[in-house]
Structures are given as C-alpha cells and as structure tokens.
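Q: Numbering (full-length UniProt numbering), first residue to last: 1 to 631. Glycine is no exception: its CB is placed at the ideal position from the N, C-alpha and C atoms. These figures come from a predicted structure and were not determined experimentally. First, the structure itself, so that you have it in front of you.
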Amino acid sequence: DCLPLSGQPLLMLALRLGLGPACHIGGDHVTWYGFVSDLLPHCAGSHLGQVVTLTTGSLCDTLSLRETPAPPDLQPMALACLHGVLDRALRARDASAHRCLPRLLPCLLRYPIKQGPVRRILQLVVSDDLNMLLTAASSAELQEDATFVDALIDLVPLKDLLNSCRTNQAALKPTVCVAKRLNAQALASHGPELQSLLRECLPGSRSEVPFLQLELFHALLLALKEADRDSRGRRDLQDLAGLLVASVATILGSTAERQSWFRASVACTEEEVALSCRAARLLEQAMFLLLDHVFGPNGDRAEGLLTGPVLRAALPHLKQRPHATVFDACSGVLKELSRKEYTRRAWKKEASDMLLETGFFRMPLATLKFWVDIIDNLMATEFKQAFRDIFPRLTVSTTANPFSSRDQEWDQRSAMVKRLAFLIYCGESDQYLPQLQEVVAYLTENLRVSTAGHLHAAVMLCFRVLLLRISAASLAPLWYVFVPEIYSALWQLEQEPEPNRLPQSRLDLYLAVFKLLDACVQLEESQAALFHAYKWSLVGDPEDSLIGNHSSSGGQSSSTSGVFTPLVNRVCRRLCRLLSNGGLSSTERSENGPGSDNKLGIQLPPPMHTCCQRLTLTKIASLQELLPFLV
Numbered sequence: 001d002c003l004p005l006s007g008q009p010l011l012m013l014a015l016r017l018g019l020g021p022a023c024h025i026g027g028d029h030v031t032w033y034g035f036v037s038d039l040l041p042h043c044a045g046s047h048l049g050q051v052v053t054l055t056t057g058s059l060c061d062t063l064s065l066r067e068t069p070a071p072p073d074l075q076p077m078a079l080a081c082l083h084g085v086l087d088r089a090l091r092a093r094d095a096s097a098h099r100c101l102p103r104l105l106p107c108l109l110r111y112p113i114k115q116g117p118v119r120r121i122l123q124l125v126v127s128d129d130l131n132m133l134l135t136a137a138s139s140a141e142l143q144e145d146a147t148f149v150d151a152l153i154d155l156v157p158l159k160d161l162l163n164s165c166r167t168n169q170a171a172l173k174p175t176v177c178v179a180k181r182l183n184a185q186a187l188a189s190h191g192p193e194l195q196s197l198l199r200e201c202l203p204g205s206r207s208e209v210p211f212l213q214l215e216l217f218h219a220l221l222l223a224l225k226e227a228d229r230d231s232r233g234r235r236d237l238q239d240l241a242g243l244l245v246a247s248v249a250t251i252l253g254s255t256a257e258r259q260s261w262f263r264a265s266v267a268c269t270e271e272e273v274a275l276s277c278r279a280a281r282l283l284e285q286a287m288f289l290l291l292d293h294v295f296g297p298n299g300d301r302a303e304g305l306l307t308g309p310v311l312r313a314a315l316p317h318l319k320q321r322p323h324a325t326v327f328d329a330c331s332g333v334l335k336e337l338s339r340k341e342y343t344r345r346a347w348k349k350e351a352s353d354m355l356l357e358t359g360f361f362r363m364p365l366a367t368l369k370f371w372v373d374i375i376d377n378l379m380a381t382e383f384k385q386a387f388r389d390i391f392p393r394l395t396v397s398t399t400a401n402p403f404s405s406r407d408q409e410w411d412q413r414s415a416m417v418k419r420l421a422f423l424i425y426c427g428e429s430d431q432y433l434p435q436l437q438e439v440v441a442y443l444t445e446n447l448r449v450s451t452a453g454h455l456h457a458a459v460m461l462c463f464r465v466l467l468l469r470i471s472a473a474s475l476a477p478l479w480y481v482f483v484p485e486i487y488s489a490l491w492q493l494e495q496e497p498e499p500n501r502l503p504q505s506r507l508d509l510y511l512a513v514f515k516l517l518d519a520c521v522q523l524e525e526s527q528a529a530l531f532h533a534y535k536w537s538l539v540g541d542p543e544d545s546l547i548g549n550h551s552s553s554g555g556q557s558s559s560t561s562g563v564f565t566p567l568v569n570r571v572c573r574r575l576c577r578l579l580s581n582g583g584l585s586s587t588e589r590s591e592n593g594p595g596s597d598n599k600l601g602i603q604l605p606p607p608m609h610t611c612c613q614r615l616t617l618t619k620i621a622s623l624q625e626l627l628p629f630l631v
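What follows is the structure, encoded as structure tokens:
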C-alpha cells in the first residue's frame, strides 16, 4: 500500500527479484504481472522507463522463449500487463519506453500461436493505441529500425495506417517507412487511397509534412512506374505531382527570398537552411521518376507543373549562393532537370550567365561535377547554335572600356580561357572538333597579345584539356603551337636569376608548363607522334636520374664535355644550383653571415612517382615544389 506513495526504489527491487533474469520463469509471474499492472499508473520519470525495460524483457522471455507449455492464465495476464505498459509508456511519451518497442513487437510476432488468442488480443491492443504507437514510431530511432517497421507491417494493415494519417499527421513518418519496405504489388494496390490521402493532407500542412508527402509519393511511383498507362490516370498523377512539388519548392525558395535588398536584415536560421537543403535533396531524388515516368515527353505540362516552380525556387540559390549546402543541393536539382531537352529553354540563359560569372569556380569539387553534366546538357542540344551563342561571350575583350587597365584585361582573358577549357572538358570526345580551328586561333591570339604569366598558364590548361577531348589524328596543328611555348617557358625558367622572388603569376605559369609537359610525356607515341619527335630534346632518356647527374657532376653542366643535355636536365641543375644558394645576391648572403649557404641548402621533397599525384597540384609557393616533376 505504501509503494505508490514513496516506494518506487523498493518497487524496482521487487521487480528485479520477481521478473529479473535470475528468476526462473514459472507460475508466480502471474502475480508479478498483476502487481506491475496495478502499480504502473503511479510510475513516472526515469522509474517508468526502468519498469518498461524490465517488464519488456520478462514479457519477451515469457512469450517467446518458453519451451514448456505456459499456465493457461499466464498469457492473458502477460498481455494485460503489455497493454498497461504500452498505454502508460505511450501516453507519457517516454523515450526509454519507446526504445523497447522494436524488441517487444517482433518478439510477440514470433510467438508460436500465430492465429490464436494472443495475436487477436495483440492486434486489438495495437488498434486501440495505434495513434500513440505511430506518434512514437515517428522518432528517428524507430524509423530506422527495419525489424520494427516489418512488425508494424505485419500488425497494422496499410489501410488503417492511411486512415490514421488523415487525423494524425505524425503517422506520416511510419507510413512512409512502411511504404518503402512494402512490396511493389501491395503498395500499388493502394494507389487510389494514397493519392486521395496526399490530396487531403495538402491544405494547412506544417513544414515537415510536404517532405513526407513527397517521399510517400516517390515510393508510390516506384511501385507504379508505368502501370497507369491510361491518359486520365497519368494526368491525375501529374496534377498531384505538381501540387506536391510546389509545396516542397515553396520551402526551398523561402530562404532565397530573404536575400533581397529590402530584407537584408532578416537572417535565415540554421533550421531554415537545413529545411531548404532537405527540400532540394528530396527534389533531386524524385526528379528522375517525375520526369521519366509521370510527365514523360509531355513537356508543356511539365513546364507548368514541375519545371517552373522548381526553377523559381532553385535559381535564386544558384545565383546568390547564400548557403554552400543549399547551392550544392540546387546544383543537383538543375542537373536532373537538364537531362530533358524540353526543359532547356527555361534555364539555358541563367546557366550561361553563371558560367561567365567571376566566382563560378568557387565551389567544392563534388558540386563542380554537377556542373559538368549541366554544361554538357546545355551544349548537347542544338550544339552549333549553342556554341555560336556562348563562344563570342568567352572571347570578348575589355579594350573598348577606357576605364580598364591592361592588367584587368589580362585577368579577364585568363578567366575566359579557363571557362573555355571547362566548356570543352564538359563535352564528349571530338565534340568540339568542328570548332577546333576557332579555338586554336583564339588561344594563339592570347599567347601573342600578352606575356602575362597567369594568361599563359590558362592557355596551357586549355591545351591539356584539348589533349583529353580531341583525338590524336586531329591534334597535329596543336603541337606546332604549344611545343614552342614549352621551350620558351623552360628557357625563361633556366635564366631566372632569383627563383625565390618570382611573382605568383610566373609560378603559376611554370606549374602549368610542367603539368602540360608531364601529360604529354604520358601519351603513347601513336597518340603524339609529333611530340615524340621533340621529346629527346626536352626530357632525354627517362632512365637517367637528373638529381644523380647533378650530384655526380658537382653542379657543372655536362655541356662542357660536348655531350648534349636535354632542356629539362639543364633546368633541373640550374634550379638546384640556385636554390642551394637561396637565390640571393652575394651582398645579401654576406649580410646573413658565414654558413648561410648551408642553412639555405636545397631540401628536395620526396619524388611523386605517379602522374596523378603531380597533376593534382593546383598552386605552388616556390620553385622548389616543381622538383617532383624533375626527379
């Protein structure tokens, strides 16, 4: 009598003695289950979680592990205790009690009397507490528990779940989990009820509900695919898809609207940004089925119901880039949309403008891969016209602007050459072969009008891309252009008097030259016959160790002995000799004091034995970082 008032610790001791693992299961459990049922209404807080955990373990042992027939009154009492535990735990919304459900329900389903009174009573219990059970199942832990979802499928018919969703929006989460794990035939048979449910839940939905609705619709589409072949059924699916996509796109566009000038003071919270990112990811995931199996070739309806709302929400994020995660997700959405030719008219201008923006390449590599497909799809449709539209914008000069300096013009030219290289890289092999003459003429012009290092580095980058995208038979005119440029750059490097004081533009140029030369050396003779005619004068015999030759000769050039030295060998020895002195004048070395030459001695980095390791270098701070190309 005093336990309900102040004896909860004593209650726990009694439960451990009566229901604990040390106690042998027997007829006394009937008394203990009755004891627990009477005292459950008085439990609260952490004690409730402990009672549920301990009672659940005992119920699992009683109903699933018994080898001998149980007493006839044990099953009803155990089920009555189960009902009390479920009811008390679900009403209290206790997380520790919810964590017991994945263990308890599957264990009861494995009870041998599948069609006996135990199963019927259990179904009655779950039906009574269905709304509370579904609310508990909406937590992430239960949603990811496949065993619990399978038990929910076995206990609760999908029709009952759909009816619960009409009155309890929290039931949408477990319903989505059930729909994803249900076989396609069973889910497709409930297609009309699912579509009706999705239409009814649209008005007044809270922020998370549109995501669950689109996920449920996506699961239905996976089951249906092209089962609805009649025009009326497909048209209904298109209308429903338009409503669901518009509701999710509204959430995606809500954070982009904050960036306008008259709303600059309204900052987006982390939760709002996370919702926008989730909306974009979900749209990207669903876009394939929506475009291929719902709308198909019907571009007019897709433009009004699908493409329009999605692009109105995604394009502001792509232009403004207020949040990196949302920009990445929206790039994935645009990639999926760009697969269909009839969507190109809606986004081609914006994609072309974004390609020409100053900060286009300021994105992670994973996001840039999305844009490779986007630009490829942009140029694939009506290729000749698309190239005529975008190439003049890439080759425009700023000389007509009286307020621009020469340096600004070289910077702009360098940026445009990089975008031309990216444009060619996004295409297929030999896609730009008809325009190769124009491209080579443009690159040659940039080499002629300026000696700016970063501009020449961009041209070298474009040459490397042409090696990847143009077939060997068509590369012959290119070798007469960039082989002399390689010679010229290496000769300049050999003559550098102070290698430690070079501007960054010159360092970028030398890095680009060595990366281009390294890529050319990797080509087979059949792929670059003309280059191999000059290869001996550049790199000589690849079996020679350049650093070894330098050490054995004591830093003296072998040209004094009348033996020809390849240009790269001479550059390497020149670099080692200058770097060992620190690249300083005699006056500056005397100011550093005796022994400064030893302090400034060369420290060679470890050689990079694979081409990929060398070609992944993007920027260097000194010429010493070029030595891995030479050792």
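Span of the alpha helix (DSSP H) holding Pro484?
A: Within the sequence shown, the letter at position 484 stands for residue 484. Counting along the chain, the alpha helix (DSSP H) containing Pro484 begins and ends at 476-494.
Q: Would you mind sorting Tyr510 into buried or exposed? The rule is 16 or more other CB atoms within 10 Å of its CB.
A: If you number the sequence shown from 1, residue 510 lands on position 510. With 16 or more Cβ atoms within 10 Å of its Cβ, Tyr510 is classed as buried.
Q: Return helix, strand or coil for Glu284, following the three-state DSSP convention.
A: Residue numbering aside, residue 284 sits at position 284 when the sequence shown is read from its first letter. It is helical.
Q: So, for Glu284: in the same chain, excluding its five sequence neighbours on each side, which residues have a beta-carbon less than 7 Å away from its beta-carbon?
A: Residue mapping note: residue 284 aligns to position 284 of the sequence shown, counting from 1. The answer, listed in chain order, is Ala329, Gly332, Val333, Glu336.
Q: State the DSSP-derived secondary structure class of Asp430, mapped to helix, strand or coil.
A: Taking the sequence shown and counting its residues from 1, one reaches residue 430 at position 430. Coil at Asp430, not helix or strand.
Q: By Cβ distance, which residues of its chain are closer than 7 Å to Val149, with the 5 residues on each side in sequence left out?
A: Within the sequence shown, the letter at position 149 stands for residue 149. Result list for Val149: Cys177, Val178, Arg181, in chain order.
Q: Please say whether Pro210 and Ala256 have beta carbons closer to each other than 8 Å?
A: Taking the sequence shown and counting its residues from 1, the one referred to as residue 256 is at position 256. Taking the sequence shown and counting its residues from 1, the one referred to as residue 210 is at position 210. Their beta carbons are not under 8 Å apart, which means Ala256 does not touch Pro210 by this criterion.
Q: Please list the terminal residues of the continuous alpha helix (DSSP H) segment that includes Lys340.
A: As a first step, residue 340 is located in the sequence shown; it is residue number 340 there, counting from the start. First-last for Lys340: undefined, no H or E at that position.
Q: Alpha carbon to alpha carbon, what distance is there between Leu356 and Asn168?
A: Indexing the sequence shown from 1 puts residue 168 at position 168. Indexing the sequence shown from 1 puts residue 356 at position 356. C-alpha separation (whole angstroms): 50 Å.
Q: For Leu507, collect the residues of the same chain with a Cβ closer than 6 Å to its Cβ; drop the 5 residues on either side in sequence, then sort them by chain order.
A: Residue numbering aside, residue 507 sits at position 507 when the sequence shown is read from its first letter. Once the five neighbours on either side are set aside, the close Cβ partners of Leu507 are Ile620.
Q: Mark Gln238 as exposed unless 16 or more other C-beta atoms lie within 10 angstroms of its C-beta, in which case mark it buried.
A: In the sequence shown, the residue the question calls residue 238 occupies position 238. Per the 10 Å Cβ criterion, buried.
Q: Only counting the same chain, and skipping five residues up and downstream in sequence, which positions put a Cβ closer than 7 Å to that of Asn446?
A: As a position in the sequence shown, residue 446 is number 446, starting the count at 1. Closer than 7 Å at Cβ, skipping near neighbours: Arg413, Val417, Leu455, Val459.
Q: Taking Thr444 as part of the alpha helix (DSSP H), name the residues at either end of that continuous run.
A: Taking the first residue of the sequence shown as position 1, residue 444 is located at position 444. Counting along the chain, the alpha helix (DSSP H) containing Thr444 begins and ends at 436-449.
Q: Can you tell me the Cβ-Cβ gap for Asn377 and Arg339, rounded? I've got them flagged as a contact below 8 Å.
A: Within the sequence shown, the letter at position 377 stands for residue 377. Within the sequence shown, the letter at position 339 stands for residue 339. Confirmed, Cβ separation roughly 6 Å.
Q: Assign Lys225 to one of three DSSP states: helix, strand, or coil.
A: Within the sequence shown, numbered from 1, the residue matching residue 225 stands at position 225. In the structure shown, Lys225 sits in coil (DSSP, three-state: anything other than H, G, I, E or B).
Q: Under 8 Å, do Ser276 and Val326 count as touching if we go by C-beta distance?
A: Counting from one through the sequence shown, the residue named residue 276 turns up at place 276. Counting from one through the sequence shown, the residue named residue 326 turns up at place 326. Yes, the pair counts as a contact, with Cβ atoms nearer than the cut-off.
Q: Looking only at its chain, what residues have a beta carbon closer than 7 Å to the beta carbon of Ile470, apart from the 5 residues adjacent to it on each side?
A: What you label residue 470 is simply residue 470 of the sequence shown in a count that begins at 1. The residues are Asp430, Leu433, Leu436.
Q: Would you say the beta carbon of Gln385 comes nearer than 7 Å to a heavy atom of the ligand MG?
A: Absence of the ligand MG is noted for the structure shown, with no ligands found whatsoever.
Q: In the DSSP assignment, the alpha helix (DSSP H) including His190 goes from what residue to what residue?
A: For the purposes of this step, residue 190 is identified with residue 190 of the sequence shown, where counting begins at 1. Element bounds for His190: n/a, residue is neither H nor E.
Q: What span of residues does the alpha helix (DSSP H) with Cys165 cover, start to end?
A: Taking the sequence shown and counting its residues from 1, one reaches residue 165 at position 165. Looking at the DSSP string, the run of the alpha helix (DSSP H) that includes Cys165 is 158-167.
Q: Rounding to the nearest angstrom, what Cα-Cα distance links Leu517 and Leu214 in this structure?
A: Residue mapping note: residue 517 aligns to position 517 of the sequence shown, counting from 1. Residue mapping note: residue 214 aligns to position 214 of the sequence shown, counting from 1. So the alpha carbons of these two residues sit roughly 52 Å apart.
Q: To the nearest angstrom, how far is the alpha carbon of His190 from that of Asn183?
A: For the purposes of this step, residue 190 is taken as the residue at position 190 of the sequence shown. For the purposes of this step, residue 183 is taken as the residue at position 183 of the sequence shown. For His190 and Asn183, the distance between alpha carbons rounds to 12 Å.
Q: Rounding to the nearest angstrom, what Cα-Cα distance links Leu478 and Val440 in this structure?
A: Here residue 478 corresponds to residue number 478 of the sequence shown, with the count starting at 1. Here residue 440 corresponds to residue number 440 of the sequence shown, with the count starting at 1. For Leu478 and Val440, the distance between alpha carbons rounds to 7 Å.
Q: Tell me the DSSP secondary structure of Met379 in three-state form.
A: The sequence position of residue 379 within the sequence shown is 379, counting from 1. Reduced to three states, the DSSP call for Met379 is helix.
Q: Please classify Phe217 as buried or exposed, where buried requires at least 16 neighbouring CB atoms within 10 angstroms.
A: Within the sequence shown, residue 217 is the residue found at index 217, counting from 1. Buried, since its Cβ has 16 or more Cβ neighbours within 10 Å.
Q: Out of curiosity, what's the CA-to-CA distance linking residue 634 and Gly540?
A: Given a span of 1 to 631 for the chain in the structure shown, any question on residue 634 remains unanswerable.
Q: Straight-line CA distance for Leu626 to Pro497?
A: Locating residue 626 in the sequence shown gives position 626, where the first residue counts as 1. Locating residue 497 in the sequence shown gives position 497, where the first residue counts as 1. Cα to Cα, the separation comes out at about 17 Å.
Q: Does the Cβ-Cβ distance between Leu567 and Leu490 come in under 8 Å?
A: Position 567 of the sequence shown holds residue 567. Position 490 of the sequence shown holds residue 490. For Leu567 and Leu490, yes; Cβs fall inside 8 Å.
Q: Classify Gly296 as helix, strand or coil using the three-state DSSP reduction.
A: Taking the first residue of the sequence shown as position 1, residue 296 is located at position 296. Correct three-state label for Gly296: coil.
Q: What is the C-beta distance between Leu198 and Leu240, in whole angstroms, given that I count them as a contact (C-beta under 8 Å)?
A: Residue mapping note: residue 198 aligns to position 198 of the sequence shown, counting from 1. Residue mapping note: residue 240 aligns to position 240 of the sequence shown, counting from 1. With 8 Å as the limit, Leu198 and Leu240 qualify as a contact, their Cβ atoms being about 6 Å apart.
Q: Taking buried to mean at least 16 other C-beta atoms within 10 Å of its own C-beta, is Tyr442 buried or exposed?
A: Translated into positions along the sequence shown, residue 442 becomes position 442. Buried: at least 16 other Cβ atoms inside 10 Å.
Q: Within 10 angstroms of its Cβ, does Ser405 collect 16 or more other Cβ (buried), or is it exposed?
A: Stepping through the sequence shown from its first residue, residue 405 is reached at position 405. By the neighbour-count rule (16 or more Cβ atoms within 10 Å), Ser405 is not buried but exposed.
Q: Would you say Phe288 and Leu306 are within 8 Å of each other, going by their C-beta atoms?
A: As a working mapping, residue 288 is identified with position 288 in the sequence shown. As a working mapping, residue 306 is identified with position 306 in the sequence shown. No, they are not a contact pair.
Q: Work out the CA separation of Asp292 and Gln504 for me, nearest whole Å.
A: Start at 1 with the first residue of the sequence shown, and residue 504 comes out as number 504. Start at 1 with the first residue of the sequence shown, and residue 292 comes out as number 292. Whole-angstrom Cα-Cα distance: 49 Å.
Q: If distances are taken between C-alpha atoms only, which option among Ala286, Glu438, Thr269, Leu220 comes closest to Ala249?
A: Translated into positions along the sequence shown, residue 249 becomes position 249. The shortest C-alpha separation from Ala249 is found at Ala286.
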